[in-house]
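K.L.:
Okay, so the sequence shown: first residue is 532 according to our numbering, each after it adds one.
Even glycine gets a Cβ: it sits at the ideal position worked out from N, Cα and C.
What follows is a single structure, and I will ask about it in a moment.
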Amino acid sequence: MGALNALWAYRHFVLSSIRNDLVSRFARSKLGGLWMIINPLAQVAIYALILSNVLAAKLPGVESQYAYAVYLMAGLLAWTLFHEIVSRSTTLFIEQGNLLKKMSFPRITLPAIVMGSSVFNNLLLLGAMLGIFLILGHHFTPAMFWLLPLMVILVAFAVGLGLTLGVLNVFLRDIGQVVTILLQTWFWFTPIVYPISIIPEQYHHLLSFNPIYPLVDAYQQVIVYGVTPEFGGLIITCSVALVLLITGLFLFRRAAEEMVDVL
């Protein structure tokens with residue numbers, strides 16, 4: 532409750548910092564904020580053009596020739612938000628070390644700024660993707676309203692993990708290097724670029740050890756197939772997200788003063 536009260540008291544600082552963060556990224560850019568959606572959409576286009584002829588026929592239940600592109604964009608929408616929050620949170624306190632030492636303010640506002648900026652970027656990407664879906668002839672369904680609660684779960688999971696790693700990275704700088712490799716490996720072990728149908732069935736149970744997979748799969752089910760996501764895997768992911776969030780906040784509260792000394 533103390534953290535929530537601090538965030539509310541400093542809400543104007545958080546909102547202005549989010550705005551400044553977005554503006555500073557593209558201060559001298561002609562296209563400005565468009566780059567936030569151009570980069571991931573370019574990645575989608577490359578994957579779709581190269582791999583769609585190979586994998587589109589193996590995407591069950593969807594007959595559209597653009598099925599694979601939609602499937603890929605749905606998975607990347609979830610992964611991009613998760614990756615941005617975790618990677619930025621891991622190095623957050625190190626990058627803001629001078630600010631932490633010179634100013635007195637609630638430290639919890641820093642991960643809140645990262646979260647807000649990342650969510651805003653993801654919403655812009657979602658809007659661009661929905662526009663592309665219309666061009667490709669992929670229709671909207673009521674199931675897409677599930678994207679909001681799915682995003683809340685995803686953000687909680689990413690913030691919990693990122694906050695935990697961010698605190699540990701202050702005291703053990705190798706964490707930041709390991710996280711970069713871990714996220715790259717994690718991406719390819721999650722059915723985003725490829726459908727689960729190409730994985731031999733005897734290995735499907737291994738996906739239960741991948742806590743991000745139920746969320747990625749839920750995004751794909753909602754966007755590609757227009758159906759309500761399965762709640763079995765999401766319950767486990769919600770539990771993991773809650774544990775990580777509590778752990779991250781506990782470590783952050785205990786180590787806040789020590790982090791300033793180390794930095």
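#1: Are the segment 778-790 and the segment 696-712 in contact at 8 Å, needing three or more beta carbon pairs?
#2: Pop quiz: T721 and I743 are said to be a contact at Cβ under 8 Å. What is the actual Cβ separation, rounded to whole angstroms?
#3: State buried or exposed for S620, treating a residue as buried only when at least 16 other CB atoms are found within 10 Å of its CB.
#4: If distances are taken between C-alpha atoms only, which option among V617, R638 and L572 comes closest to A772?
#5: Over what stretch of residues does the alpha helix (DSSP H) that includes F664 continue unbroken?
#6: For T711, which option in E761, H614 and A674 has the closest C-alpha, if you only look at C-alpha atoms?
#7: Could you check how far apart the C-beta atoms of L623 and P642 are, in whole angstroms? I think they sit under 8 Å.
#8: Three-state secondary structure (DSSP) at G757?
#9: Cutting at 6 Å between CB atoms, please list the residues of its own chain near H669, excluding the five before and the five after it.
#10: Secondary structure at T721, three-state DSSP: helix, strand or coil?
#11: Given this structure, state the Cα-to-Cα distance separating A609 from D748, to the nearest angstrom.
#12: Since I believe L775 is in contact with G691 (beta carbons under 8 Å), could you give me their beta-carbon distance rounded to a whole number of angstroms?
#13: Would you mind listing the alpha helix (DSSP H) stretches within the segment 726-782 that are 4+ residues and don't spill past its ends, in chain order?
#14: Quick test of your reading: F688 and T768, contact by CB under 8 Å. State the CB separation rounded to the nearest angstrom.
#15: Taking the alpha carbon of I684 as the reference point, which residue from D705, V650 and G697 has its own alpha carbon closest?
#16: Provide the residue span of the alpha helix (DSSP H) that contains A689, from first to last.
#17: Between which residues of its own chain and E761 is the CB-CB distance below 8 Å, once the five residues before and five after are set aside?
#18: Among Y734, L694 and G707, which has the Cα closest to the Cα of R784?
#19: Considering only the beta carbon of each residue, do I644 and S548 sit closer than 9 Å?
P.N.:
Judging by the given coordinates:
#1: yes
#2: 6 Å
#3: buried
#4: V617
#5: T640 to L667
#6: H614
#7: 7 Å
#8: coil
#9: V601
#10: coil
#11: Straight-line Cα distance between these residues: approximately 9 Å.
#12: 3 Å
#13: Correct list: 744-751.
#14: 6 Å
#15: Per the Cα distances, V650.
#16: L678 to F702
#17: P745, D748, A749 and Q752
#18: L694
#19: A contact, by the Cβ cut-off of 9 Å.
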